[in-house]
Structures are given as structure tokens and as C-alpha cells.
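Same order as they appear, the protein sequences are chains A and B. Under our numbering, the first residue of the first sequence carries the number 143, and numbering increases by one thereafter. Under our numbering, the first residue of the second sequence carries the number 143, and numbering increases by one thereafter. Virtual Cβ for every residue (Gly too), placed ideally from N, Cα, C. Worksheet: one structure, shown below.
There are 2 protein chains.
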Amino acid sequence: MAAFARRIERLRPSLVREILAAAASSDIISLAGGLPAAETLQAPAMPADGWQQYGQSEGDMPLRIAVSELLDSRGLECPAGRIMLTTGSQQALDLAAKLLIDEGTRVACENPTYLAALQVFRLFGADLREVDSGMAGPAPDAIAKCFAEGAPNMFYAMPSISNPTGGIWSEDARRALVERCDRAGTVLVEDDPYRETSAGPHPAPLVGSLKRAPWIHMGSFSKSLLPGIRLGFLAASEDLFPLLVRLKQGADLHSSRLSQAIALADLRDPARDRRLARLQAIYGERLEAFAGALRQELPMAGWAKPSGGMFVWARLPGRDTSALLDPCMKAGVAFLPGRECSPAGGLGDWMRLNFTACDPERSREGLARIRRCLEELRSSI
Amino acid sequence: MAAFARRIERLRPSLVREILAAAASSDIISLAGGLPAAETLQAPAMPADGWQQYGQSEGDMPLRIAVSELLDSRGLECPAGRIMLTTGSQQALDLAAKLLIDEGTRVACENPTYLAALQVFRLFGADLREVDSGMAGPAPDAIAKCFAEGAPNMFYAMPSISNPTGGIWSEDARRALVERCDRAGTVLVEDDPYRETSAGPHPAPLVGSLKRAPWIHMGSFSKSLLPGIRLGFLAASEDLFPLLVRLKQGADLHSSRLSQAIALADLRDPARDRRLARLQAIYGERLEAFAGALRQELPMAGWAKPSGGMFVWARLPGRDTSALLDPCMKAGVAFLPGRECSPAGGLGDWMRLNFTACDPERSREGLARIRRCLEELRSSI
Chain A
143 MAAFARRIER
153 LRPSLVREIL
163 AAAASSDIIS
173 LAGGLPAAET
183 LQAPAMPADG
193 WQQYGQSEGD
203 MPLRIAVSEL
213 LDSRGLECPA
223 GRIMLTTGSQ
233 QALDLAAKLL
243 IDEGTRVACE
253 NPTYLAALQV
263 FRLFGADLRE
273 VDSGMAGPAP
283 DAIAKCFAEG
293 APNMFYAMPS
303 ISNPTGGIWS
313 EDARRALVER
323 CDRAGTVLVE
333 DDPYRETSAG
343 PHPAPLVGSL
353 KRAPWIHMGS
363 FSKSLLPGIR
373 LGFLAASEDL
383 FPLLVRLKQG
393 ADLHSSRLSQ
403 AIALADLRDP
413 ARDRRLARLQ
423 AIYGERLEAF
433 AGALRQELPM
443 AGWAKPSGGM
453 FVWARLPGRD
463 TSALLDPCMK
473 AGVAFLPGRE
483 CSPAGGLGDW
493 MRLNFTACDP
503 ERSREGLARI
513 RRCLEELRSS
523 I
Chain B
143 MAAFARRIER
153 LRPSLVREIL
163 AAAASSDIIS
173 LAGGLPAAET
183 LQAPAMPADG
193 WQQYGQSEGD
203 MPLRIAVSEL
213 LDSRGLECPA
223 GRIMLTTGSQ
233 QALDLAAKLL
243 IDEGTRVACE
253 NPTYLAALQV
263 FRLFGADLRE
273 VDSGMAGPAP
283 DAIAKCFAEG
293 APNMFYAMPS
303 ISNPTGGIWS
313 EDARRALVER
323 CDRAGTVLVE
333 DDPYRETSAG
343 PHPAPLVGSL
353 KRAPWIHMGS
363 FSKSLLPGIR
373 LGFLAASEDL
383 FPLLVRLKQG
393 ADLHSSRLSQ
403 AIALADLRDP
413 ARDRRLARLQ
423 AIYGERLEAF
433 AGALRQELPM
443 AGWAKPSGGM
453 FVWARLPGRD
463 TSALLDPCMK
473 AGVAFLPGRE
483 CSPAGGLGDW
493 MRLNFTACDP
503 ERSREGLARI
513 RRCLEELRSS
523 I
């Protein structure tokens, strides 16, 4: 009866949401989501009073300063005045889309890329253009080809540990994208949530190399602190930041100040480096165990070891992983089909496997269930 | 250099944000914002573990059940399955706009109404239609006239304590809007954040009277618990809810689960009613003191005593309050000019005055500063 906005035609059901909901309500082993290991989740102290009242849209200045220092330590100079706290880095994607995307606006993404970014860009009507990417990012030629076909208004990239590949872009790929964005005035939107999940060394944020192009850089407190506080941040170039603040105000006034106070306490905690080293050690061990299990249980899979993050991006040559999901769910294991990570719905024989949420025994059992599914399908042909 | 989305042309600077920023960084007495009294803000205990991990887009089921029970106690039956936790009720406005508003979509609002709702509806391109409203809501004829000119796709209303008037709609106004929405299939978006700021009795949520029209009802934890946790909720009709959940996922995945755990603890606290009675007593006293000061300091102002909420909506006949703001800010007092609350920018001689944030002495001094400004302007003519 209600007349929906046109964008609602583009609002597809989220496969991930459905997988996660199914996995939460049953005995399914979920290798589908991107949940941190329970062992890494803190029980923080309640911060001192001062966070209870309404606050500024941009976030609280002490935390903005601390984030500015954090970015500085990563190699990106950005004053606190151009840092905003966001309700998860997901919100930064929503704000970027509101700022830059009309129906038909050309937006370039890696193929594969982060699926929830694709959902937001599609919702706002983006004309998605994909650039094939791998463990070392896209080939410079592929970037050049994308821009030659018509410069995108925005390029969304995860150059420092991608979701889903876990790769880090080569120097060549980084240089090629920066040059093209600078030449065309394309807004570089850099998503950098996974940096702290591995010890590095990590390259400096890519937006710092731009000379002219506008940019937005986004980070997260969900991967290395607490997803449940729903807090992320963005930094942006001077031309974009004030508009993003106004959009933020309309979106939710400001982010939880309690969450902000917890993040600030963590950034100021002298034991933070030790905590992160432990988290990185846990993830390193989980990855080793997962890699071993993957070699044994799915020897036909093609994959490369990620440099961090939470996923192994694996290929089952000749196999449609979207069609494989249903029997796997029935057999008690969930994963993310590669198609979901592909702007144009390609990569049908790939899958994204999470190695952080389940303990090694459970992960191995999940992979074994996938193997048994594959065997049954083969014998039933 | 960047090409912005067309909606950015409609993204005006927020006067309120600027007033609040100025007021925060100086000795300005702010009667402009809508901040709860500091005396009402709690220092909650840190909830038990369980909130740290990622959660469901809709929010945590125990809290959804508790909100469903809360709404039931207010006279609105809505199952927990159609309750969503939002990042402040501001986010519910953003989700409603995404769902329902394209460029040129007809959206009806009261005149005056909540200014941040206007900002969001404008951003998405609404063709705003206003219905003159007062302490008892709009006249039924005014509602009829609005629909006769072409049914709006959405009607945004605050029937149970409005921002800015503090009024409660009459039975006639309520019946008229419900009938029209049902007949036209207009989505009724009911904003109900202030109910708990006064003892009542309060009418049941209006959406519960609809027979056919789709609806969204939104509530807040900011006015009677803690603004700093940035948490609100929405309930919606069956046809709208699943779409709102998908939009919520794209906006920020889900709201802070720490905030949700604090709200749940409060709703389960046997002392909650006592706490609210105390809050209502504080606000009642502040309102009495404010009304007395207003009579003394601005005897020329026309206003009616609000039934709750945080504002007195006052008229200075023949005076352009937008032009008055600047000299008042210089004299150390801020208020919200009526124009900001008006869809078509009318109501130029009205002003919204907050009575909850400042203590009575400071509020009286604020009103005295407005009086002195008016006197100076008069003598300088």
C-alpha cells in the first residue's frame, strides 16, 4: 500500500544476515561471518562520568585527538579537526554514499570486495565498476583500464588487508591508483579495519599519498577492541569533512559517547600494545591451524595465506559455491559464496572462510562438513 | 573537485549545531538545545558480559521483548518481532526517509515540528507540506485540506507531546489523521520521545488506531535515561518492518549492544518507576520556575504551558526571532528561532525555549538577557 522510494527496488535481502541468523539459531558451524574470537573480547571498566549527556556530531575531542595520533603512528597526518567518530565503520560507508552517490553515479570497487559496502553503494544507485583484484591488489593496467572507460566519481578500496582476500596491495598498485585519482579528481575511499589484526609491517594509509584528490579514510574499533560498542572513525580531506559532519548529524546526531569513552580508555591504556600482540598471536595461531585443516580437508581448494584480517579466500575450481551453500547449511556449516563479494556477481567458484570466530577444532569440523558435502554431490551425479 | 550527490545541494548548515557549538565553547546560556537536566543522568553499572560481540541488526531479543512490553503498557500492541533498536530515534528518521522519500515525494508535517526531522526529509528530497498545528494538534479541517490537495506518502507527527509545542493532540485531531491515513494509505510516522518526561495521563500511541495504513512508531531512551548511550527504538507495521531491518543493516549493522544492555537493565529495574517519578518532579519544578521567570522577564511573550517535554514554545508578536538571535548570542543567551521548526520557514516571530538543561537561576538570567536585548533594540530604533 505504501509507495516505497525507488531505491527500495535495489534493496536485496542480505544473504549474510540470513546465514548469520540461521547459524545463530542452530548448531551450524559458521565460517560465514567476520566475528572476532571470543578470547579477544574485553570486559572494560565503566568509564568515569561525563559521557552521559548529548555530545558533538563529530565525536568527543579527546578521542578525536587520540585517533589523530593513532593515524599519525600509521603514517597518515590528519588533524583531530578532520576526524569523526562513526557508529561502526559501516556508518562511514553510508555517509560516503550519501555524499557522493546518485542514481547512475560511477563507483569503482575491487573484485572481490567487502559485500556490505556493495549493498550500500547499490542502495544509493551506484553504477558499479569492478577492477579485478588479488592478494597484491589490482594490476596497474586494470586500474588504468577502469579510468580509461570513464573516471569513477569514487573508488572504494581496501589496500591494507582486504576483505575478503586478506591481501596487501603492491607498491605498483598503490601508485597507480593514487595517480589516477589525483588526475581525475576521483574520491578515494579507503577502508582499513583489519590493520591491527596482524603484526605487520603495514603500509601507511594510501590516502596520505594523494596530492589533489579528495579522500575518506575509515577505521574500526570492532576488529581489535569490541564489536559490541559499534564504533569506528573516519578521516577526510578538507573539502569533504564539513559535509560529512552534517550528514552524520542527520543520521544519528552522534555516536554513543559511552562507546567513545571506552575506546579512549583503550587508546590511552599503556597495556594496549601488549593486548594487541596477544590478539595478533591468537589470530596467527588460528590461521595456522585453519590453513593446516584446509590443506587436509579441502586439498582441491586454491588459496593464498592472508596477511591478516579474518578470512581465507579460497577457490573450488569448477564448483558453483552459491549452489553449494544450501547443502552445506543442511550439513551444518555456513560460508560466504564468492558471488556476494563481487560487484558484478562473478567469482562464482570462490568462497570466503572465516578463521577467527571458531576454535580450531570446530573450524576443522566445519571444513570436514564442506568436504563431505562435496563428496556426496560428486557421488550423486 | 569531487562531484557531490544532488542531495548535497539540499544539505543546509544546521543552525542548531552551530548554536550548540558556540554555546559549548563560551559562557552563553543555552536555551536552544534539548538537553536533559544533568540531575537526571545516571551512572549505570557495567552490564554483565555478553554484549561484546557483533549482534543482530534488529537488536537483542530480550530488549526487543522489553520494549514490546513497554509499548503494550502505553496502549500499543506490537510483537517483539517488529521492534528494532536504533542509534537514537534520529536514526529511525533516517531509515524512514530512505524507505519512503524520493525527490519530490510528498511528506506532510506539523507546522511547527521537530527541526532535525525536517533536515532529514529535505536531504532525501521531500516535497514538504505543512499542516498548521498548536497545543491541541492540527484542526481536523487543516488535516482534511492537506489530504485534499493530494495525499502525502508519509505524515510525520508528534501527537503525544510535540517538539516544540509540548502539546498533546485532541481526540478530534487524532481521529481525523487516522481516518485520512487509512483512507489514503499514507504511512503514519509517529515520533514519541517525550512521553516519560511528564506524569501524564498520556494517550495511547496513535498508530495503534490505524486499520489499514502502514506505520512507524519511534521512541527514545535519550529523554528519560541517557542521551549518551544514543539509543532509541522503532516499531512498524508488518509490510514495512523487514525493509527497515535491511536498511538498518546498511546504516550501521546494529546499535551498540552495550547501550542495549544498559537500557534493558533499566527497563527491568524495579526502581524504574521511582526514578521516572523523580525525573518528572524535577521537570515539573523546572517548568514552574521557568514559567514564572518567563512571565516576569518577557511579559509580552505569548505561550501556553506544555504538557511535558523540554520546551516552551513562545511568540514575540511582530518580532523576527531569527534576527534577534545574533544580538542575543552576543549578549550571552541562545534560543531556537521559530523559523527552524517550520517546514516552509514561517513562524518567524516564535521561539523555542528549553527549560530542562539549565537550573532555574541560569534560565532566568538567560531570559533576562533576551529582555535586555529586546529593550536595546527598541531604544535603538
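Assign residue i to one of two classes, buried (16 or more other C-beta atoms within 10 Å of its C-beta) or exposed (fewer than that).
| i | result |
| --- | --- |
| A:Q402 | buried |
| A:P155 | exposed |
| B:A476 | buried |
| B:M452 | buried |
| A:D214 | exposed |
| B:M300 | buried |
| A:Q198 | buried |
| A:K240 | buried |
In this structure, does DSSP put residue i in helix, strand or coil?
| i | result |
| --- | --- |
| B:F363 | coil |
| A:M493 | strand |
| B:A303 | Going by the sequence as given, residue 303 of chain B is Ile instead of Ala. DSSP places B:I303 in coil when its eight states are reduced to three. |
| A:M471 | helix |
| A:A456 | strand |
| A:E482 | helix |
| B:I285 | helix |
| B:F477 | coil |
| B:Y425 | helix |
| B:M442 | coil |
| A:T498 | coil |
| A:C220 | coil |
To the nearest angstrom, how far is the alpha carbon of residue i from that of residue j?
| i | j | result |
| --- | --- | --- |
| B:S484 | B:A431 | 28 Å |
| B:R428 | B:P469 | 26 Å |
| A:P356 | A:V262 | 20 Å |
| A:A179 | A:A326 | 41 Å |
| B:R461 | B:R520 | 11 Å |
| B:V209 | B:M226 | 9 Å |
| A:A144 | A:G201 | 36 Å |
| A:F289 | A:D283 | 10 Å |
| B:E151 | A:L385 | 11 Å |
| B:A164 | B:I170 | 8 Å |
| A:R322 | A:G292 | 11 Å |
Any beta carbon of chain A sitting closer than 8 Å to that of residue i?
| i | result |
| --- | --- |
| B:M300 | no |
| B:I207 | no |
| B:F453 | no |
| B:W193 | yes |
| B:L440 | no |
| B:A144 | yes |
| B:R216 | no |
| B:S366 | no |
| B:G460 | no |
| B:L409 | no |
| B:R322 | no |
| B:K447 | no |
| B:A413 | no |
| B:M226 | no |
| B:K353 | no |
Please go through the same chain and pick out, in chain order, the residues whose beta-carbon is closer than 7 Å to the beta-carbon of residue i, but skip the five residues on each side of it.
| i | result |
| --- | --- |
| A:A278 | G309, W311, S312, A315 |
| B:P479 | T463, S464, L467, M493 |
| A:F383 | R224 |
| A:L509 | A435, L436, E439, L440 |
| B:E181 | I424 |
Under 8 Å, Cβ to Cβ, is there at least one residue of chain B near residue i?
| i | result |
| --- | --- |
| A:H359 | no |
| A:S362 | no |
| A:P294 | no |
| A:A147 | yes |
| A:P369 | yes |
| A:V349 | no |
| A:R152 | no |
Tell me which residues share the same chain as residue i and place their Cβ nearer than 8 Å to its Cβ, disregarding the 5 neighbours each side in the sequence.
| i | result |
| --- | --- |
| A:L381 | The displayed chain sequence assigns Asp, not Leu, to residue 381 of chain A. Counting only Cβ-Cβ distances below 8 Å, and skipping sequence neighbours, we find P356. |
| B:I243 | V249, F263, F266, G267, A268, N295, M296 |
| A:V387 | S199, E200, M226 |
Excluding the five sequence neighbours on either side, which residues of its own chain have a C-beta within less than 6 Å of the C-beta of residue i, listed in chain order?
| i | result |
| --- | --- |
| A:I161 | A174, A476 |
| B:G230 | R372, G374 |
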